[in-house]
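Engineer: Residue numbers (UniProt numbering), protein chains in the order written: chain P, 1 to 323; chain Z, 1 to 323. Glycine residues also receive a C-beta, built at the ideal position from the N, C-alpha and C atoms.
In structure tokens:
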């Protein structure tokens, strides 16, 4: 891990200006990089995707003091040091003013990630083969048990394997649902159709590190439907109303009814836009439609709560059966 | 429903200034009123707590046109009209400029609520009697089945009867958890210790009307613990770590294990602060500690997702048993 022996102290330098520009989508497009802010995100990025991280900027203890400003920051620098010689990670110490200029949400530390790298990871899915004509290699890789670190139950797919979000637009929601999908043990997250940029800093912060834990793919609606079915996933829409032909199943029926209670098939669960839900033409093309029962007077749950309830209910019921 | 035949058009009038001040806690304290913003919240307030609403401000179609500016607004005015003679609700038409001055989140309509009224509703709980010395009347009222409009299963308490939040500080979180508790069929929400003001406009907006659907109480930690046990509720903390003496139960154990699967006892579920969770001394005093299993690499879920998962899992499992 190479380290600069000078403290970066000029908040008006080109480098600092360039770093600050990464909070805008224009700046990210121009540079091909994205910003990872705060101890938690930086820690998870270094732990799970060190290949993506090129530079680490750490607040120094003082304008002439090369030590990091806190123990938390020092621990993350140690973690970066342990990557050893093979790593391309470069560490820079910066003054308070420089850090404040780079990001108002840094809590003393930011890292620069390779957007092409994470986007290749996200998009490296051969949909031609997913449609069944050729090898399933890329998808098989993606859903391989090794991606899931939970103990004991790694050998087969179970529960909601994939969490998909159609036109999710709010950055906070987008991050929160990625975090919930990670916690529920999903193998991948898919952003379907026109969603918020997953490299928006607010999305990354809201994932609390989960962006670096599981593959995030972006696809058109059509590609998602064929990919999901080629993967052997039951494409399942979360919706309150269903369609003329298909009344929604209640989530409780899926969890508790009849023989095979809790024996969940691998599903790709698709959630709609925050305000408008899923359009009719998408509902017409999924295999199942499931709704969350409402026991009180509220009309519905918001997107993040719906996703958490559905992903966890299915995950818990399928893990239970296999204990 | 009396109605003013003039359109309020002066954005600098005392009345408009006073209304705008209700977005601050100082303004609410001074006037004893709070602001209900947007069609959804206003609609639910008129439907469920008309006793609280004194004035309705509606955007007019034009500076000299007394009709409401949209069909949505007209429908809410009709709803207010149906309250009839007995109601104290007064309707005012206002210009665009006046509405923008009152609130940037009005979507054309705001109502003024009586803070003393809703706070009395919230606080009208005799803790002396809850401790067991006297009649349980106020609490019994509070948890009466008639408060819960869901069909079929109203006759007994079941599932997580009460959702309680200790030192919830973020307005968006506070509103979201009230909405989730409502949807899960909880009989009441309790804000324990030093929480955000539930009449903060962002809290109200985030509840999506649920603030008017179920009783919201505020209590000290000590009062909550004794009230909850006097109500016959099993006080249950949501926590990942537990205490030295009590390892947390997994939520899956509560839902699925052993005889009595899904036969939920009535619980008061207590959730901790967004950043710090629950302190040791509170954990020491609850009857059960329950944690949500994490199947992926995420460390945890955020507060709103945790609350939604736990409240719904318990609600669904107890409703299933009684079908």
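DSSP three-state label for residue 59/P, please.
Structural biologist: Here residue 59/P sits in strand by DSSP.
Engineer: Out of 315/Z, 266/Z and 309/Z, point me to the one whose CA is closest to residue 288/Z's CA.
Structural biologist: Answer by Cα proximity: 266/Z.
Engineer: Who are the neighbours of residue 309/Z on chain P, taking C-beta pairs under 7 Å?
Structural biologist: Within 7 Å Cβ-Cβ: 308, 309 and 312.
Engineer: Would you call residue 215/Z buried or exposed, if buried means 16 or more other Cβ atoms sit within 10 Å of its Cβ?
Structural biologist: Label assigned to residue 215/Z: buried.
Engineer: With DSSP collapsed to three states, give me the class of residue 252/P.
Structural biologist: DSSP places residue 252/P in helix when its eight states are reduced to three.
Engineer: First and last residue of the alpha helix (DSSP H) that includes residue 271/Z?
Structural biologist: No alpha helix (DSSP H) holds residue 271/Z; the beta strand (DSSP E) holding it covers 267-271.
Engineer: Please tell me whether residue 233/Z has its Cβ less than 8 Å away from any Cβ of chain P.
Structural biologist: For residue 233/Z, the answer is no, since every Cβ of chain P falls outside 8 Å of its Cβ.
Engineer: Taking 8 Å as the CB-CB limit, is residue 302/Z close to chain P?
Structural biologist: True, the Cβ-Cβ gap to chain P drops below 8 Å.
Engineer: Classify residue 37/P as buried or exposed, calling it buried when 16 or more other Cβ atoms lie within 10 Å of its own Cβ.
Structural biologist: With 16 or more other Cβ atoms within 10 Å, it is buried.
Engineer: Is residue 54/Z helix, strand or coil by DSSP?
Structural biologist: Strand.
Engineer: Would you identify the three-state DSSP class for residue 276/Z, choosing helix, strand or coil?
Structural biologist: Here residue 276/Z sits in coil by DSSP.
Engineer: Leaving out five residues on either side along the sequence, give the residues of the same chain with a beta carbon under 6 Å from the beta carbon of residue 21/P.
Structural biologist: Within the same chain, residue 21/P has close Cβ partners 27.
Engineer: Which partner residues does residue 291/Z have in the DSSP bridge list?
Structural biologist: Beta-bridge pairing links residue 291/Z to 250/Z.
Engineer: State the beta-bridge partners of residue 90/Z as determined by DSSP.
Structural biologist: Residue 90/Z pairs with 55/Z.
Engineer: Going along chain Z, which residues have a C-beta under 7 Å from residue 92/P?
Structural biologist: Simply none; closest approach about 27 Å.
Engineer: Is it true that the region 70-82 of chain Z meets the region 40-60 of chain Z, where meeting means three or more beta-carbon pairs spaced less than 8 Å apart?
Structural biologist: Cβ pair count under 8 Å is three or more, so yes.
Engineer: Between which residues of its own chain and residue 213/P is the CB-CB distance below 8 Å, once the five residues before and five after are set aside?
Structural biologist: Contacts found: 44, 48 and 182.
Engineer: Output the distance between the C-alpha atoms of residue 7/P and residue 94/P, rounded to the nearest integer angstrom.
Structural biologist: So the two alpha carbons sit approximately 5 Å from each other.
Engineer: What residue does the alpha helix (DSSP H) around residue 96/P start on, and which one ends it?
Structural biologist: Start and end: 96-102.
Engineer: Counting only C-beta atoms, is residue 283/Z closer than 8 Å to chain P at any point?
Structural biologist: For residue 283/Z, the answer is no, since every Cβ of chain P falls outside 8 Å of its Cβ.
Engineer: Does residue 173/P come out as helix, strand or coil in the three-state DSSP assignment?
Structural biologist: If DSSP states are grouped into helix, strand and coil, residue 173/P belongs with the helices.
Engineer: Which bits of chain P does residue 256/Z rub up against, with CB to CB less than 7 Å?
Structural biologist: The answer, in chain order, is 320.
Engineer: Between the Cα of residue 105/Z and those of 161/Z, 69/Z and 41/Z, spot the shortest distance and give me the residue it belongs to.
Structural biologist: Ranking the options by Cα distance to residue 105/Z, first place goes to 41/Z.
Engineer: Go ahead and label residue 209/Z buried or exposed: buried means 16 or more other beta carbons lie within 10 angstroms of its beta carbon, across all protein chains shown.
Structural biologist: Buried, by the Cβ-count rule.
Engineer: What are the boundary residues of the beta strand (DSSP E) that includes residue 45/Z?
Structural biologist: Unbroken run through residue 45/Z is the alpha helix (DSSP H), 39-48; no beta strand (DSSP E).
Engineer: By Cβ distance below 7 Å, which residues in the same chain neighbour residue 205/Z in space, the five residues on each side in sequence not counted?
Structural biologist: The residues are 37, 38, 41, 105 and 175.
Engineer: Just tell me which of 290/P, 268/P and 211/P has its CA closest to the CA of residue 229/P.
Structural biologist: When only C-alpha atoms are compared, the closest one is 268/P.
Engineer: Give, in chain order, every residue of the region 286-297 of chain Z whose Cβ lies closer than 9 Å to some Cβ of chain P.
Structural biologist: Listed by position along the chain: 292, 293, 294, 295, 296 and 297.
Engineer: I need the DSSP call for residue 83/Z, collapsed to helix, strand or coil.
Structural biologist: Residue state, collapsed to three classes: coil.
Engineer: Which residues of chain Z have a Cβ atom closer than 8 Å to the Cβ of residue 186/P, listed in chain order?
Structural biologist: The answer, in chain order, is 296.
Engineer: According to the neighbour-count rule (16 or more other Cβ atoms, all chains shown, within 10 Å of its Cβ), is residue 275/Z buried or exposed?
Structural biologist: That one is exposed.
Engineer: What is the DSSP secondary structure of residue 5/Z, counted as helix, strand or coil?
Structural biologist: Three-state DSSP puts residue 5/Z in a strand.
Engineer: Under 7 Å Cβ to Cβ from residue 18/Z, same chain only, skipping five residues before and after it: list those, please.
Structural biologist: Only 31 meet the Cβ criterion.
Engineer: Look at the alpha carbon of residue 224/Z and the alpha carbon of residue 178/Z, and state the distance between them as a whole number of angstroms.
Structural biologist: Rounded to the nearest angstrom, the two C-alpha atoms are 17 Å apart.
Engineer: Show which residues of chain P have a CB atom less than 8 Å away from the CB atom of residue 210/Z.
Structural biologist: Residues of chain P passing the Cβ test: 296, 297 and 298.
Engineer: When the Cα of residue 211/Z is compared with those of 240/Z, 52/Z, 306/Z and 97/Z, which residue comes out closest?
Structural biologist: Out of 240/Z, 52/Z, 306/Z and 97/Z, 52/Z has the C-alpha closest to the C-alpha of residue 211/Z.
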